[in-house]
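Undergrad:
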Amino acid sequence: MIDSPPTPPSPIAVAVDIVVFTVADEDLKVLLIKRGVAPYKDAWALPGGFVREDESVDDAARRELAEETAVEDIYLEQLYTFGEVDRDPRDRVVTVAYFALIDAQSVQILGGTDASQAAWHSMYAAPELAFDHNTILELALRRLRYKLEYAPVAFQLLPEEFTLSQLQATYEVILSQPLDKRNFRRKILNLGILRDTGRTRSDGPHRPARLYAFRQERFEQATGGKVIFSF
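With the first letter of the sequence shown counted as 1, position 35 gets the number 34 in numbering that gives the first Met the number 0; the numbers rise by one all the way through.
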């Protein structure tokens, strides 16, 4: 019996798509781009693009982020790989999804080469997106909420110095539920991972609020990098 020659593999393109979260205007926001080219021309989508032959998927994600936001030092985590056969009408495309966290004050939205517009949208009022990007977005939110329970990811969404009210508001918009103010402050301060900067900030007629900074080294020393943020 003569073996038939192996069937050559079909070409598969590899892409990256990034869910970029921030907190602004008391809301959890996600960065979306309006596609300037087909398919899905004029539809909103997640920022992303194809992986080049000379780069890893992680490098591709960082490059796309830098092109969209002009920020290079950003929290970036691989989320999941999406490979449904019909997810892209052009060809067989597998995408590696990421999620990124950034302080809204430190980012400048630029828009990539295939985008006619880029803007922040409420996570909870996101439009119908191109491809399978709504599915990616929903998974990213679940991952963010899960990590909020054991990792200090909320601090990636804040400036270096922040008030306790800002920190609590960040937790509330991600969890989409109110938290008891007294209980939250007691628990977060008892963890010993915040440093009082000695500075204050005034917001309106209220008493100036203390400014704090996150102590990464203290978090790692005191908890071994493991803690349950239960509020």
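Even for Gly, the Cβ is constructed at its ideal location relative to N, Cα and C.
In chain order, what residues of the same chain lie with their CB nearer than 6 Å to the CB of Phe183, ignoring the 5 residues before and after it?
TA: Around Phe183: Gln167 and Phe230.
Undergrad: Note down the Cα distance separating Ala59 from Tyr97, rounded to an integer number of angstroms.
TA: Roughly 11 Å separates the two Cα atoms.
Undergrad: Using DSSP with H/G/I as helix, E/B as strand and the rest coil, what is Phe205?
TA: According to the sequence displayed, residue 205 carries His and not Phe. Here His205 sits in coil by DSSP.
Undergrad: Can you name, in chain order, every residue of its own chain whose Cβ lies under 6 Å from the Cβ of Val19, other than the five neighbours on each side?
TA: These residues qualify, in order along the chain: Leu30 and Ala99.
Undergrad: Smallest Cα separation from Val92: which of Tyr145, Arg181, Pro10 and Arg198?
TA: Nearest of Tyr145, Arg181, Pro10 and Arg198 to Val92, Cα basis: Pro10.
Undergrad: Since Asp102 is in the beta strand (DSSP E), which residue starts that stretch and which ends it?
TA: Premise fails: Asp102 is in no beta strand (DSSP E) and is neither H nor E.
Undergrad: Taking all protein chains shown into account, decide if Arg89 is buried (16 or more other Cβ within 10 angstroms of its Cβ) or exposed.
TA: With fewer than 16 Cβ atoms within 10 Å of its Cβ, Arg89 is classed as exposed.
Undergrad: Restricting to Cα atoms, I'd like to know which of Val172, Ala14 and Arg51 is closest to Glu25.
TA: Closest by alpha carbon: Val172.
Undergrad: So, helix, strand or coil for Asp16, using DSSP?
TA: Asp16: strand per DSSP, three-state reduction.
Undergrad: Measure the beta-carbon distance from Tyr211 to Arg194 and round it to whole angstroms, keeping in mind my assumption that it falls under 8 Å.
TA: With a Cβ gap of about 6 Å, Tyr211 and Arg194 count as contacting.
Undergrad: So, helix, strand or coil for Tyr123, using DSSP?
TA: Three-state DSSP puts Tyr123 in a helix.
Undergrad: If the criterion is Cβ atoms closer than 8 Å, does the pair Ala42 and Leu128 meet it?
TA: Contact flag set, yes.
Undergrad: Secondary structure at Phe81, three-state DSSP: helix, strand or coil?
TA: Of the three classes helix, strand and coil, the one that applies to Phe81 here is strand, per DSSP.
Undergrad: Suppose you measure from the CA of Leu174 to the CA of Gln116; what does that come to, to the nearest Å?
TA: The straight-line gap from Cα to Cα measures roughly 29 Å.
Undergrad: In whole angstroms, give me the CA-to-CA distance for Arg142 and Val152.
TA: Looking at the two C-alpha atoms, the distance is approximately 11 Å.
Undergrad: What are the residues that DSSP puts in a beta bridge with Glu76?
TA: Bridge partners of Glu76: Phe98.
Undergrad: Could you compute how far the alpha carbon of Leu138 sits from the alpha carbon of Phe130?
TA: Each residue's Cα considered, the two are about 15 Å apart.
Undergrad: Since Glu148 contacts Phe228 with CB under 8 Å, what's their CB separation in whole angstroms?
TA: The pair is a contact, with the Cβ atoms about 6 Å apart (cut-off 8 Å).
Undergrad: Can you tell me which of Arg34, Asn189, Leu45 and Leu163 puts its alpha carbon nearest to the alpha carbon of Asp202?
TA: Closest by alpha carbon: Leu163.
Undergrad: What does DSSP give as the partner residue(s) for Thr21 in the beta ladder?
TA: DSSP lists Lys28 as partners of Thr21.
Undergrad: Which of the three DSSP states is assigned to Phe161 in this structure?
TA: Looking at Phe161 - three-state DSSP - the assignment turns out to be strand.
Undergrad: Could you tell me the alpha carbon to alpha carbon distance between Ile108 and Leu27, rounded to whole angstroms?
TA: Rounded to the nearest angstrom, the two C-alpha atoms are 16 Å apart.
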